[in-house]
Structures are given as C-alpha cells and as structure tokens.
Amino acid sequence: MFETLGNKLQDILERLQREKTLTDAQVKVAMREIRMALLEADVNFGVAKEFVSRVSEKAVGQEVLGSLNAGQMVVKLVHDELIQTLGGESKQPTLKNEGNVVFMVGLQGAGKTTSTGKLAKFYKEKGRRVLLIAADTQRPAAREQLRTLGNQVGVPVLEVANGETPAQTRQRLNEFQQQDFRDLVIVDTAGRLQIDENLMTQLADLQAALQPTETLLVVDAMTGQEALSVAKTFDERVNLSGLIITKMDGDARGGAALSARFVTGKPIYFAGTSEKLTGLEPFYPDRVAGRILGMGDVLGLIERAQQADLQSMETKKAEEFDLEDLLNQLRQIRKMGPLGDLIKLIPGMSRALPEGFSIDEKQIHKIDSMISSMTMKERRNPKILNASRRKRVAAGAGTQVSEINKLVKMHEQMKDMMKMLQRMSGGKGMGALGGGMKGAGMKGGRALQPNQVLPPKLPRR
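Take the sequence shown: its position 94, counting from 1, is numbered 94 in the UniProt record's numbering, and each next residue is one higher.
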C-alpha cells in the first residue's frame, strides 16, 4: 500500500530538494501536484485540501523562503503534516487491570472476525487472560471461524446462541467469569453486507448489556472512500473509540487509511499487515509517514528482529563465509517476515527498487532445500562440489544441476561483495544479523529523525 502515492510524492519532493531557495510560485506548483497525488490515491477531498493548505501556510513563511535548505524544509513539513493527518502520536486502547470489554464492529468482508483472533493473540502474548465472545448469530460460519481462531490462539470462546437476548448473554458471561476469570473480553459482533437499522439496533442493545470499554471499527483499506461513510455511521450509533485498518499489505491506493483519522476523529490503533495471526501491528503514524516518503522504518525493522528472537552469529571475514552461514542467515531473515516487506523498511530502498519489484519467496525456500541437501563438509567448503556431488544435491533438492551452479556462483558473488564492504569499513568483519541490526539507524541510542537524515536520492532502475 502507498507505493504509487509514495513514488509520486517522492518525485515532487526530490525536485524541491535540489532547490537551495524556493519562490512562492514554486511552492504553489508543488502543492498543486501534491493535492492531485493525494486525490488520485483516493484520499478524501477535504483531507487533501486541508493537508495542502497547512503545508502551504508553513512553506511560504519566512522560515522557508530564502532559506539555504528550503527544499529540505518542505520535505520535513510534508513529513510532519503526514504524521498529523495519520493521527500524530501512536495510541493504544486503554485497558484496566480487569473489567475490559472490547467490541469489534464492522461490515462483512472487512476482516472483523480474523482481526478479533489477531487481537486476542496480541494481548495474550502481553500477559492478558482473554475470552472471546462469538456474538454474530446471523452467520454460523463466523462463529465456527472464531472457534477455530480461539483454538489456535489458546483462548476460550463463549458462543451466543440463536435467539439469546443481550441480557442472557450478560448473565452467561458473569457465570463464566465466576468459574474462569478473564481480564479482557473481546466480542465479535454481528456483521452485515451493508449498514441497516436492524444491525445498529442489535449492536446498541448488546452494547447496553455488556458495557464495552472500547468499541473498535474494523475498516477494510481496500474499500476506499466508502469506508469513511461507514465509519461515520457506526460512530454516530455506537460511539467508536478507535479503528483497526485491515489489508494494509494489499495494493490499495491507501486513501482510506490516510483519511480515516481525519474524517472520524478516532485514532487508528492497529493495522492488519498479513493474513497470519501475527499480522496485526500497533499503528505508528510517524513510521507510516516515513515509509510513504521513502525514509524507511528502521525501528520497525529492529522490532521485527527482536520479535523473531534472532540468534547472534559469529562475526566472520568474507573468505570464511560459507554456505552453512548463508543458510543460517536466510532462515533468520525469514523469521522476520517476507523479504520484500523487509527491504522496503530500509531507508531509501523503495526508490532504488524497480517498479513492480517483488521477491519470490519460493526461490528462498529452494535455496534452503539445496543447501540442506548438502553434507556439512560441502557446506563448509563449496569448492569440493564437483559434478557428481552437484548432481546428487540437485536430486536431493528436487531441482536441476543448473540451479546448484547458480547457487554456488551467487555465494561467490556475496563473498566478493563482503570483501569490498570490509575494505570500505577498514577490514572489520561482517556483523551478525541480530547484532548488526542492533545499532542500525540509531544515533546515541535513539532513532534518527527524518529532519536528521533525509531519504537518499537513489535513482529508480
């Protein structure tokens, strides 16, 4: 998501960065182009207009016009305004020690039930005792899905029976809590293909009975402007406290995500980043803004490394880097998520990659299979891989000898690149993935801010 919008904004701002001083006319042209880029990304018209107005007001001020770093200042202004549009500081649901009830509301297909399971996993891993309530009596499949998700996460599921009143549900919840106390209850409410009065009445009655402490709307980022009218209607009837934006890993234009906070006035708490149960992340406006402008997300990269519990690897010189080391590093990287997603978190890489760039994860798995089919002696010393050995390895990996040849050549090229990097760094060995990432993008123990390091001007191939 945001790839098209990000590229357009980066093109506009890159031209400005080359200017030592900016005139009022130049700023107006750039702002008009930014407004068009936002509208083409399906950003709400009012949001685009307000965004450009705020940036323009600051950009034509004395602190920018005539400044030697005028272009870079505009980049910072756009970055700061993106953060504010997305919600400013990151916020999370307010949970007490006990008595927490979270309502999950939304239309069918938005990912509400899946997000309910993900949220249960997220909080269970933080030490919460979670109970799920399957309250969608209109769709038996939804209750079955939540039951499955509950088993996968390892939390109990209380199913609302057909014809059960909200008061009866409250009573059953009280009885369950007396036998097996839970400090966080997450309710998967009924969904519809579209908003109707019956849905809203049902939600209001259940809300009155269970008294939720948080009511979260699950919004599908792929639905564009329609999601905003849905959000406003839900807020008017059930008083939303926050949003969860799903399918952030999709190829939608991103307008709904950029507009949701501004239009509803409600914070975006979480973003769905994959279909896996682990694919729910706290929403950080500053990090999303950085990704849109090609500044990457070094903190996000570090967090993924920490969550994957990467094992530190011994620092090695290039000539000592063998296929066993390559295999270990590939496996560690895969723990952090899809490689294509990781690369885009590196500052400047979104501009260096060709349009439509993607990494075939199957190819990574094939490399793993080929190296795993070798003996430890062959991994440690690839030079002994003669024709007969390569034929045996290919058969074991279910591939062709030509693929083994490519792997060996790739390994040699990696060693050559490591030698070059080591010469540039004064002959120091290569840091391990986990340890090397520890200080990546850090300065004095703190993350570099966008006004300290601007996105590199890397040409698109």
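Idealized CB from N, CA, C, for every residue including glycine.
Owing to the predicted nature of the structure, the values given are computational and were not obtained by experimental measurement.
How is residue i classed by DSSP in three states: helix, strand or coil?
i    : result
I83  : helix
I186 : strand
L293 : coil
L5   : helix
L323 : helix
Y269 : strand
L385 : coil
T166 : Residue 166 is actually Pro in this sequence, not Thr. If DSSP states are grouped into helix, strand and coil, P166 belongs with the helices.
E281 : strand
G242 : strand
Q220 : Contrary to the premise, residue 220 reads as Asp rather than Gln in this sequence. In this structure, D220 counts as strand in the three-state DSSP scheme.
T399 : coil
M248 : coil
V43  : coil
N328 : helix
G127 : coil
A142 : helix
F181 : coil
M200 : helix
Q171 : helix
I364 : helix
M374 : coil
I195 : coil
L117 : The sequence shown places Gly at residue 117, rather than the Leu named in the question. In this structure, G117 counts as helix in the three-state DSSP scheme.
T233 : helix
K406 : helix
S90  : coil
K96  : coil
K276 : coil
T148 : helix
T23  : coil
T257 : A small fix is needed here, since residue 257 is Ala in this sequence, not Thr. Correct three-state label for A257: helix.
A394 : helix
Using DSSP bridges, identify the partner residues of residue i.
i    : result
T215 : F103
A134 : E159 and D188
Quick check on this structure: which residue in the options has the alpha carbon closest to the alpha carbon of residue i?
i    : options                   : result
Q165 : L203, R287, R32 and G191  : First, the amino acid is wrong: residue 165 is Thr here, not Gln. Taking only the C-alpha atoms, the option nearest T165 is L203.
Q225 : Q178, N44, E403 and E320  : N44
T264 : L280, T94 and L240        : L240
M414 : M370, F321 and K383       : F321
Q211 : M222, R192 and A167       : A167
A257 : V219, G6 and Q152         : V219
K266 : A209, T215 and Q400       : T215
L173 : L206, L217, P93 and K91   : L206
P223 : R379, M410 and G111       : The residue asked about is misnamed: residue 223 is Thr in this sequence, not Pro. Of the listed residues, the one whose Cα sits closest to T223 is G111.
S402 : A48, K366 and V75         : K366
K96  : E236, G396 and Y123       : Y123
G154 : D325, A141 and K121       : K121
I12  : A209, G242 and V75        : V75
K406 : D416, R390, V288 and K419 : R390
L326 : V408, K49, A142 and F176  : V408
I195 : N162, Q179, Q177 and F234 : F234
N162 : E50, D24 and R143         : R143
R331 : D368, S373 and Q10        : D368
E98  : Q177, D24 and Q92         : Q177
Q10  : A25, T23, D24 and M31     : M31
If the criterion is Cβ atoms closer than 8 Å, does the pair residue i and residue j meet it?
i    : j    : result
L107 : V238 : no
I245 : A260 : yes
Q268 : G87  : One point to set straight first is that residue 268 is Ile, not Gln, in the sequence displayed. Result yes, Cβ atoms of I268 and G87 sit closer than 8 Å.
T116 : L131 : no
V29  : V55  : no
D286 : I34  : no
A190 : T114 : no
K8   : A37  : yes
L323 : H411 : yes
G272 : K247 : yes
S53  : F283 : no
M370 : A395 : no
L293 : G6   : yes
A209 : R170 : yes
L119 : L280 : yes
T85  : V27  : no
L146 : D188 : yes
Using a Cβ-based criterion (distance less than 7 Å to any ligand heavy atom), does residue i qualify as near the ligand SAH?
i   : result
E14 : Of the ligands one can find in the structure shown there are none, so the ligand SAH has no counterpart to examine.
Inset, instruction - Pair every Cβ in the region 152-161 with every Cβ in the region 94-104, then say whether three or more of these pairs are closer than 8 Å. - result: no
Legend entry - Cβ contact (3+ pairs, closer than 8 Å) linking the region 175-191 and the region 125-145: Yes, they touch.
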